[in-house]
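These notes concern the structure reproduced below.
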Amino acid sequence: MILRLIYIVIFLSATVFCLPKALAQNAVGLTIGGPTYINFTHGLGGPTAVEAGVSFSYNHATHLYGDYLLETHDSLRNPQFNDVGLFYGVGGMIVIVNDDHYRNGKDGYYGDHDGDVGFGVRFPVGLDWRPSKTKEISFHVQIVPIVTIAPETELEFNAGLGLKYHF
Numbered sequence: 000m001i002l003r004l005i006y007i008v009i010f011l012s013a014t015v016f017c018l019p020k021a022l023a024q025n026a027v028g029l030t031i032g033g034p035t036y037i038n039f040t041h042g043l044g045g046p047t048a049v050e051a052g053v054s055f056s057y058n059h060a061t062h063l064y065g066d067y068l069l070e071t072h073d074s075l076r077n078p079q080f081n082d083v084g085l086f087y088g089v090g091g092m093i094v095i096v097n098d099d100h101y102r103n104g105k106d107g108y109y110g111d112h113d114g115d116v117g118f119g120v121r122f123p124v125g126l127d128w129r130p131s132k133t134k135e136i137s138f139h140v141q142i143v144p145i146v147t148i149a150p151e152t153e154l155e156f157n158a159g160l161g162l163k164y165h166f
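Just so we're aligned: 102 in numbering that gives the first Met the number 0 is position 103 of the sequence shown, and the numbers increase by one with no gaps anywhere.
Here it is in structure tokens:
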């Protein structure tokens, strides 16, 4: 069973990497910041995409998010910077406390006990840069205002620098 699963993963990986770059609508990446995320982006055609990410925080919590994004690479083209684009969107986030001592800078902000959950609405905004010679690699910087809904209604901000591999 395990061997069959390994063969399937290898086959699907080889198939994806053999697709023409024009069909490359997926990306996997790492965003370093507060918090640091591993993320996956899927282009929906045109300027829209969906993105999901997961972070296992050093503060003993798991962060999950999902965003709907609009990308505007054509509006910010500059010969000096190759292909810089603006992206913005809306999404949701969930924080699951994995430890009885998670704080996020406040006293029990998402909960004091293992298993407590917080959630909110995200509004990511950022810049994406794809160097002209390596279209499969992109770099981004983003700021993400978040309106937390539970356990308290508050405004907070996440920010990060990231790298993505497009396939």
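Just so it is clear, CB atoms sit at the ideal spot from N, CA and C, and this is done for glycine as well.
Apply the 10 Å Cβ neighbour rule to residue i and answer buried if 16 or more other Cβ atoms are within range, or exposed otherwise.
{"i": "threonine 147", "result": "buried"}
{"i": "lysine 134", "result": "exposed"}
{"i": "glycine 44", "result": "exposed"}
{"i": "tyrosine 64", "result": "buried"}
Per DSSP, which one or two residues make a beta bridge with residue i?
{"i": "phenylalanine 166", "result": "The partner list for phenylalanine 166 (beta bridge, DSSP) is empty, contrary to what the question assumes."}
{"i": "glutamine 141", "result": "Gly125 and Gly159"}
At what residues does the beta strand (DSSP E) containing residue i begin and finish?
{"i": "glutamate 70", "result": "60-71"}
{"i": "proline 130", "result": "Unbroken run through proline 130: none, as it is neither H nor E."}
{"i": "phenylalanine 55", "result": "47-55"}
{"i": "aspartate 82", "result": "82-96"}
{"i": "glycine 114", "result": "Element bounds for glycine 114: n/a, residue is neither H nor E."}
{"i": "threonine 40", "result": "36-44"}
{"i": "threonine 186", "result": "Because the chain is modelled from 0 through 166, residue 186 falls outside the range shown and cannot be assessed."}
Does the separation of the CB atoms of residue i and residue j fall below 7 Å?
{"i": "isoleucine 31", "j": "leucine 126", "result": "no"}
{"i": "proline 167", "j": "histidine 62", "result": "With the chain running from 0 to 166 in the structure shown, residue 167 is simply not present."}
{"i": "aspartate 66", "j": "arginine 129", "result": "no"}
{"i": "tyrosine 87", "j": "valine 124", "result": "yes"}
{"i": "alanine 158", "j": "glycine 117", "result": "no"}
{"i": "leucine 68", "j": "glutamate 50", "result": "yes"}
{"i": "isoleucine 145", "j": "glycine 119", "result": "yes"}
Under the assumption that residue i contacts residue j (Cβ atoms under 8 Å), give the Cβ distance between them as a whole number of angstroms.
{"i": "phenylalanine 122", "j": "asparagine 25", "result": "Contact flag wrong, Cβ pair sits at about 23 Å."}
{"i": "tyrosine 243", "j": "valine 27", "result": "Look at the range of the chain in this structure, 0 to 166, and you will see that residue 243 is not part of it."}
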